[in-house]
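K.L.:
One structure, pasted below without further comment.
Numbering (our numbering), first residue to last: 11 to 399.
As structure tokens, then:
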């Protein structure tokens, strides 16, 4: 199970059971200072406008489909195969072996070698793409961090900048020299001011500096956002869609394995600063309460992921949303949890699973999440399964 899948499943389970806070301790990587300066930094010291809690009759709206991503399905020509028999390991297009056997281990090692080779060939092709985000995804995959950071310093594209932050943060502490040292979450927030995700990263870095005013400011800006979207989730679609249609299917599926492994390795947003800022001992402050209530609505109503949805519900409950409203969200959450555990739709154990059946399912799930958002995809599955809200 990937970090994102594990976090999503745990958030849904804990929030549905009204358990304590669940947060993610992986902040989006960044180099340099993350302070917000200039016209983008609006003061949060003055009392904020009153916040109206969600109407109990209102249905939380999932994010709109992203019109900038094409509809073609790169997995359409992949074979539809059954799941492997119990006790048997299938390594896609390479063979089967008894589970736990030396033969199975040898097949898995060969599969990893094939994935690395096919993935590198794909990423080299992507470097020649006319699309800046596709080239940036390839540079991330090929660990061309300094070249990507140099591009990011000149870009107005938040997806390219987000890929650069990921590249510069891979392996731990971001480099203190070169172009990576010139990137910051503050600049990312300025490029993507209507998105809560970079402001949450700015809040994390302000908290690390002991700058509580910076935390409050960043979360205020996050609460004014119109979406909460990790831009890097597009990587799977950009890369899978770049697989040449004339590649042999086995080669294409080996490349897809590399793409899914890279997607699973990406750092995911941290909500720690928001959770601590909205703690029970602080929520009596009117400014804090209003910021937390607004941020909860951004995450629950306009968040791209199910983690956003779950954290939003908990922040809203802490900020004093009406019980009837939080109960409606909780029912949706339970329905989404069922779509996550349904055998036809979950991506559990992927992309580590090696069968063609599992790889196809994982690729299609990653594409759906990238193209319409994890939250909207869960809503589509809820309706398809006939689950009540």
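We treat Cβ as the ideally placed atom computed from N, Cα and C, and that holds for glycine.
#1: Less than 9 Å separating the beta-carbons of residue 172 and residue 376?
#2: Going by beta carbon distance, what residues of the same chain come within less than 8 Å of residue 127, once the five residues before and after it are set aside?
#3: Which parts of the segment 126 to 176 are runs of the alpha helix (DSSP H), unbroken and 4 residues or longer, counting only runs that do not cross its ends?
#4: Do you know whose CA, among 197, 226, 372, lies nearest residue 273's CA?
#5: Ends of the alpha helix (DSSP H) at residue 372?
#6: Taking the continuous beta strand (DSSP E) assigned at residue 108, which residues delimit it?
#7: Within the same chain, show all residues whose beta-carbon is closer than 7 Å to that of residue 170, passing over the 5 residues directly before and after it, in chain order.
#8: For residue 179, name the three-state secondary structure that DSSP assigns.
#9: Are residue 215 and residue 195 touching if we call contact CB-CB under 9 Å?
#10: Beta-carbon within less than 7 Å of residue 312's beta-carbon, same chain only, minus the 5 sequence neighbours each way: which residues are those?
#11: Which residues mark the beginning and the end of the alpha helix (DSSP H) in which residue 301 is found?
#12: Could you have a look at residue 361 and say whether DSSP puts it in helix, strand or coil?
#13: I'd like the span of the alpha helix (DSSP H) that includes residue 269, first residue to last.
#14: Can the beta-carbon of residue 249 be found closer than 9 Å to that of residue 85?
#15: List the endpoints of the continuous alpha helix (DSSP H) containing residue 225.
#16: Is the Cβ-Cβ distance between residue 284 and residue 305 less than 9 Å?
#17: Which of the three DSSP states, helix, strand or coil, is assigned to residue 7?
#18: Distance, Cα to Cα, residue 208 vs residue 323?
#19: On the CB-based measure, 16 or more other CB atoms within 10 Å of its CB, does residue 229 come out buried or exposed?
#20: Tell me the DSSP secondary structure of residue 100 in three-state form.
#21: Look at residue 155 and residue 177 and say whether their C-beta atoms are less than 9 Å apart.
#22: For residue 259 versus residue 103, is the C-beta distance shorter than 9 Å?
#23: Roughly how many angstroms lie between the CA atoms of residue 101 and residue 390, to the nearest whole one?
#24: Could you spell out the range, first to last residue, of the alpha helix (DSSP H) harbouring residue 332?
#25: Are at least three pairs of beta-carbons, each pair with one atom in the segment 111 to 122 and one in the segment 378 to 393, less than 8 Å apart?
#26: Once DSSP output is grouped into helix, strand and coil, what is the label at residue 85?
#27: Are the Cβ atoms of residue 410 and residue 241 separated by less than 9 Å?
#28: My guess is that residue 388 and residue 346 are in contact by the Cβ rule of under 8 Å, so how many angstroms apart are they, rounded?
#29: Just tell me which of 131, 254, 257, 107 has its CA closest to the CA of residue 97.
#30: From the DSSP secondary-structure annotation, give me the bridge partner or partners of residue 238.
#31: Out of curiosity, what's the CA-to-CA distance linking residue 255 and residue 132?
#32: In the DSSP assignment, find the unbroken alpha helix (DSSP H) run with residue 293 in it and report its ends.
#33: By alpha-carbon positions, which one of 341, 227, 286 ends up nearest to residue 392?
#34: Closer than 6 Å by C-beta to residue 201: which residues in its own chain qualify, once you throw out the five before and the five after it? Chain order, please.
P.N.:
The short version:
#1: Along the chain shown, read from residue 1 onward, the residue named residue 172 stands at position 162. Along the chain shown, read from residue 1 onward, the residue named residue 376 stands at position 366. No. Outside cutoff.
#2: Start at 1 with the first residue of the chain shown, and residue 127 comes out as number 117. Cβ within range, chain order: 264.
#3: 142 to 151, 155 to 162
#4: To locate residue 273, count along the chain shown from 1; it is residue 263. Taking only the C-alpha atoms, the option nearest residue 273 is 372.
#5: Position 362 of the chain shown holds residue 372. First-last of the alpha helix (DSSP H) with residue 372: 366 to 382.
#6: Position 98 of the chain shown, counting from 1, holds the residue named residue 108. Note, residue 108: beta strand (DSSP E), 105 to 108.
#7: In the chain shown, the residue the question calls residue 170 occupies position 160. If we look at residue 170 and ignore the five residues flanking it on each side, its Cβ neighbours are 142, 143, 146, 161, 162.
#8: Position 169 of the chain shown, counting from 1, holds the residue named residue 179. Helix.
#9: For the purposes of this step, residue 215 is identified with residue 205 of the chain shown, where counting begins at 1. For the purposes of this step, residue 195 is identified with residue 185 of the chain shown, where counting begins at 1. Yes, the Cβ-Cβ distance between residue 215 and residue 195 is below 9 Å.
#10: Indexing the chain shown from 1 puts residue 312 at position 302. For residue 312, where only same-chain residues beyond five positions count, the Cβ hits under 7 Å are 73, 236, 237, 238.
#11: Taking the chain shown and counting its residues from 1, the one referred to as residue 301 is at position 291. Run containing residue 301: 296 to 312, per the alpha helix (DSSP H) assignment.
#12: For this step, residue 361 is matched to residue 351 along the chain shown. Unreliable positioning characterises residue 361 in this predicted model, as indicated by a pLDDT of 41, which lies under 50. A coordinate reading is not provided.
#13: Locating residue 269 in the chain shown gives position 259, counting from the first residue. Its alpha helix (DSSP H) spans residues 259 to 275.
#14: Position 239 of the chain shown, counted from the first residue, corresponds to residue 249. Position 75 of the chain shown, counted from the first residue, corresponds to residue 85. Cβ atoms of residue 249 and residue 85: not closer than 9 Å.
#15: Mapped onto the chain shown, residue 225 falls at position 215. Element bounds for residue 225: 222 to 233.
#16: Position 274 of the chain shown, counted from the first residue, corresponds to residue 284. Position 295 of the chain shown, counted from the first residue, corresponds to residue 305. Against a cut-off of 9 Å, the Cβ pair of residue 305 and residue 284 comes out as a contact.
#17: Examination of residue 7 is not possible in this model, given that the chain is present from 11 through 399 alone.
#18: Sequence index remark: in the chain shown, residue 208 carries index 198 (1-based). Sequence index remark: in the chain shown, residue 323 carries index 313 (1-based). Rounded to the nearest angstrom, the two C-alpha atoms are 20 Å apart.
#19: Within the chain shown, the letter at position 219 stands for residue 229. With 16 or more Cβ atoms within 10 Å of its Cβ, residue 229 is classed as buried.
#20: Working through the chain shown from its first residue, we reach residue 100 at position 90. DSSP places residue 100 in strand when its eight states are reduced to three.
#21: For this step, residue 155 is matched to residue 145 along the chain shown. For this step, residue 177 is matched to residue 167 along the chain shown. Yes, they are a contact pair.
#22: Looking up residue 259 in the chain shown gives position 249. Looking up residue 103 in the chain shown gives position 93. It is a contact, given that the beta carbons lie within the stated cut-off.
#23: Numbered from 1 along the chain shown, position 91 holds the residue referred to as residue 101. Numbered from 1 along the chain shown, position 380 holds the residue referred to as residue 390. So the two alpha carbons sit approximately 31 Å from each other.
#24: If you number the chain shown from 1, residue 332 lands on position 322. Premise fails: residue 332 is in no alpha helix (DSSP H) and is neither H nor E.
#25: no
#26: To locate residue 85, count along the chain shown from 1; it is residue 75. When DSSP states are grouped into helix, strand and coil, residue 85 belongs to the coil group.
#27: Examination of residue 410 is not possible in this model, given that the chain is present from 11 through 399 alone.
#28: Numbered from 1 along the chain shown, position 378 holds the residue referred to as residue 388. Numbered from 1 along the chain shown, position 336 holds the residue referred to as residue 346. 4 Å between Cβ atoms; contact.
#29: As a position in the chain shown, residue 97 is number 87, starting the count at 1. 107 is the residue among 131, 254, 257, 107 whose C-alpha sits nearest the C-alpha of residue 97.
#30: Stepping through the chain shown from its first residue, residue 238 is reached at position 228. Bridge pairing for residue 238: 313 [DSSP].
#31: Position 245 of the chain shown, counted from the start, is the residue given in the question as residue 255. Position 122 of the chain shown, counted from the start, is the residue given in the question as residue 132. So the alpha carbons of these two residues sit roughly 12 Å apart.
#32: Position 283 of the chain shown holds residue 293. Note, residue 293: premise wrong, no alpha helix (DSSP H); not H, not E.
#33: Residue numbering aside, residue 392 sits at position 382 when the chain shown is read from its first letter. For the set 341, 227, 286, the Cα lying nearest the Cα of residue 392 is the one of 341.
#34: Counting from 1 along the chain shown, the entry for residue 201 is found at position 191. Within the same chain, residue 201 has close Cβ partners 168, 171.
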